[in-house]
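Since the structure comes first, as structure tokens, the remarks are kept for the end.
Protein chains in written order, with our numbering: chain A, 494 to 778; chain B, 4 to 413.
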């Protein structure tokens, strides 16, 4: 199972200030995240949740400690490499949506693809497919302010998944939404997770923990409690990226992916090939 | 890479379109700077073209003797600019003309002595008429066409003069019955022997406006004014092959004549226009520097607007970085925007500059001078201005911390 480890944090420390003003957002933080986990991080304000998310998302650096992503130590890589990994492996969902106001919905969704070398046509095709998934394909050429909060957040989620990232990081994605919209957004995240994606989400709302496979409570930059609600073996497994890239032979794909999966929890296998097709489309080199 | 460049171009274009008025005003700043540079370069080109054509017209067999001062070049030019008479104190004399005439292979020698005086006919009197004192050889050297009558005759002490086209009109209100009439200069009576054809070239290497000038024998001029300085001696060689040896001979003859005084220059070919082009180069260089300052001001405008744009779009920068844009991506995006602004301004200024040059050519003899050099210079300067004034805002955008930027709101 060790090959299934996606993220390993060892002794991660984030210090702000020096001397008298020194404070720790994270202190000797250890965490191992497996592929397919849906982690909810809870805790009081200022306990380091967002800092943790930013470090995992390669937006920030730890003061010291190790961060191993996919077997590669990325704690001290260059800013350029960080950006590259962000573009390819990480999808962000924010509390305040963070869509670019001047760009249309479809351009917003296509944004991560701009920096990974997709042709304009491929960008729009993939973005359109991602939006279709969230039933927003009729709003492609709207501007963000013309959408409701729930719709904007779904656009933001579409943007997060459009580049097929390995991890989706969500910082209180429902924080600015009413309960109805929250529910829709959580259902979408759940669906994404069930396809084998790893999601790390920060929230204040304990009611949402039912969606998670693992709930971590943080306190003062350290883990307070860490509860797994789903056994590792039962985690949904993603489809191998290598197989995704192959153009022909769909059957072997399913076989390989089911082989890799120890078990398929409450999931109809037909859904996966659908995702293959989608992500294969339009990827040009 | 090409794809990324195209993407950045598209982004920059979109950003410029979104802020149309602002972008237009910024471009205008650059455009005015570029337009003034274009105007000056075009003027300079057309003036030096005019002078070059003149020497070409006169022919390749011309040798010019000028007095030279011991002062350095710049003082010389300053003096030329400030003195009322554009020629300087001369040490050339009528005897020098005679000495040059004795040199082998010289077919014609004509002095140029310019002074101004009051000229009166029975009808009108004019002050400050330029008077060219020369001899009958002058017409062999200069391509002057006579409308009526004849040029100066070969005899010295002749009492005949030749009038320029405009001067004749001014003095007698006519040109066709002028020949044979008399005019008065300093109490002396002269007879009009001929009238020149209209020339309409106020710029020439002799610095004479023929249309308004009166031409008379240099010794007659000497007599009425008392002291006449010869500012230049034009020499026509028999053939064009041995100009160098002939001019050496002239130099030698003059040195003998002047007993070792070497304060004169003997020039031929392209060197003839040198004093003029030197002056033009310096004056237009100065003007170009002034225009360059306005371009710098335009560049500061670009920088200013880019800084505003970066500040306004901090949040966008944060989002772009979060979804995977590297610092370099952001840098190029904003640099492209600045470059497009300044190049647009450059194109705009090129058009504006040539419109101005064209308008100027309507009232002056300076035709707009278009060459690929000017266009290349424009393009390069705007490119450089764009980079210099775009790099700082772009760096500022690129080095923004994504986390802080994401917290930033408009």
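Note that beta-carbon positions come from the ideal geometry of N, C-alpha and C, so glycine has one too. None of these values were measured; they are calculated from a predicted model.
Check                                                                                                                                                                            : Outcome
If we count the other Cβ atoms within 10 Å of its Cβ and call it buried at 16 or more, is residue 407(B) buried or exposed?                                                      : exposed
Among residues of its own chain, excluding the 5 on either side of residue 128(B), which ones have a beta-carbon nearer than 8 Å to its beta-carbon?                             : 121, 122
Between which two residues does the alpha helix (DSSP H) holding residue 623(A) run?                                                                                             : 613-626
Grab the span of the alpha helix (DSSP H) containing residue 600(A) for me, first residue to last.                                                                               : 598-607
Any beta carbon of chain A sitting closer than 8 Å to that of residue 324(B)?                                                                                                    : yes
Would you check if the distance between the CB atom of residue 503(A) and the CB atom of residue 558(A) is smaller than 8 Å?                                                     : yes
Please compile the residues from chain A whose C-beta is within a distance smaller than 7 Å of the C-beta of residue 406(B).                                                     : 547, 552, 553
Is the closest heavy atom of the ligand SAH to the C-beta of residue 108(B) under 7 Å?                                                                                           : The ligand SAH is not part of the structure shown, which contains no ligands of any sort.
If you drop the 5 nearest sequence neighbours on each side, which residues of the same chain put their C-beta closer than 6 Å to that of residue 181(B)?                         : 171, 175, 195, 198
So, for residue 341(B): in the same chain, excluding its five sequence neighbours on each side, which residues have a beta-carbon less than 6 Å away from its beta-carbon?       : 305, 309, 389, 393
Can you tell me which of the three DSSP states residue 686(A) falls into?                                                                                                        : helix
Residue 133(B) by DSSP, collapsed to three states: which one?                                                                                                                    : strand
In chain order, what residues of the same chain lie with their CB nearer than 7 Å to the CB of residue 112(B), ignoring the 5 residues before and after it?                      : 100, 103, 104, 140, 236, 238
Thinking C-beta only, is residue 144(B) closer than 8 Å to residue 216(B)?                                                                                                       : no
Mind listing the chain B neighbours of residue 595(A)? Cutoff is C-beta to C-beta under 9 Å, in chain order.                                                                     : 17, 18, 21, 316, 319
Would you please verify whether the beta carbon of residue 604(A) is less than 8 Å from any beta carbon of chain B?                                                              : yes
Residue 511(A): buried (16+ other C-beta within 10 angstroms of its C-beta) or exposed?                                                                                          : exposed
Interface residues of chain A around residue 328(B) at Cβ under 7 Å?                                                                                                             : 576, 608
Measuring alpha carbon to alpha carbon, tell me which of 327(B), 395(B), 377(B) ends up nearest residue 572(A).                                                                  : 327(B)
Enumerate in chain order the residues of its own chain whose CB-to-CB distance from residue 739(A) is below 6 Å, with the five nearest sequence positions on each side excluded. : In this prediction, residue 739(A) has a pLDDT of 40, which is less than 50 and means its spatial position is unreliable; what the coordinates show is noted afterwards. Nothing meets the Cβ criterion.
Buried or exposed: residue 45(B), going by 16 or more other Cβ atoms within 10 Å of its Cβ?                                                                                      : buried
Closer than 8 Å between beta carbons: that is the criterion. Which residues of the segment 506-536 of chain A meet it against chain B?                                           : none
In the DSSP output, what is residue 511(A) paired with across the bridge?                                                                                                        : Beta-bridge pairing links residue 511(A) to no other residue.
Is residue 344(B) closer than 8 Å to residue 38(B) when the C-beta atoms are compared?                                                                                           : no
Could you tell me the alpha carbon to alpha carbon distance between residue 32(B) and residue 349(B), rounded to whole angstroms?                                                : 10 Å
Under the three-state reduction of DSSP, which class applies to residue 412(B): helix, strand or coil?                                                                           : coil
Is residue 737(A) helix, strand or coil when you go by DSSP?                                                                                                                     : With a pLDDT of only 42 at residue 737(A), under the threshold of 50, the placement of this residue in the model should not be trusted; the figure read from the coordinates follows. Of the three classes helix, strand and coil, the one that applies to residue 737(A) here is helix, per DSSP.
Could you check which residue in 25(B), 384(B), 66(B) has the C-alpha nearest to that of residue 248(B)?                                                                         : 66(B)
What is the DSSP secondary structure of residue 566(A), counted as helix, strand or coil?                                                                                        : strand
Can you tell me which of 367(B), 361(B), 347(B) puts its alpha carbon nearest to the alpha carbon of residue 26(B)?                                                              : 347(B)
Report buried or exposed for residue 21(B), applying the criterion of at least 16 other Cβ atoms within 10 angstroms of its Cβ.                                                  : exposed
In whole angstroms, give me the CA-to-CA distance for residue 109(B) and residue 63(B).                                                                                          : 14 Å
Can you give me the Cβ contacts of residue 370(B) inside the same chain, cut-off strictly under 7 Å, excluding the 5 residues immediately before and after it?                   : 49, 364
Give the range of the alpha helix (DSSP H) segment to which residue 779(A) is assigned.                                                                                          : This structure cannot settle anything about residue 779(A), because the visible part of chain A is limited to 494 through 778.
Residue 339(B) and residue 30(B): beta carbons closer than 8 Å?                                                                                                                  : no
Closer than 8 Å, CB to CB, is residue 627(A) near chain B or not?                                                                                                                : no
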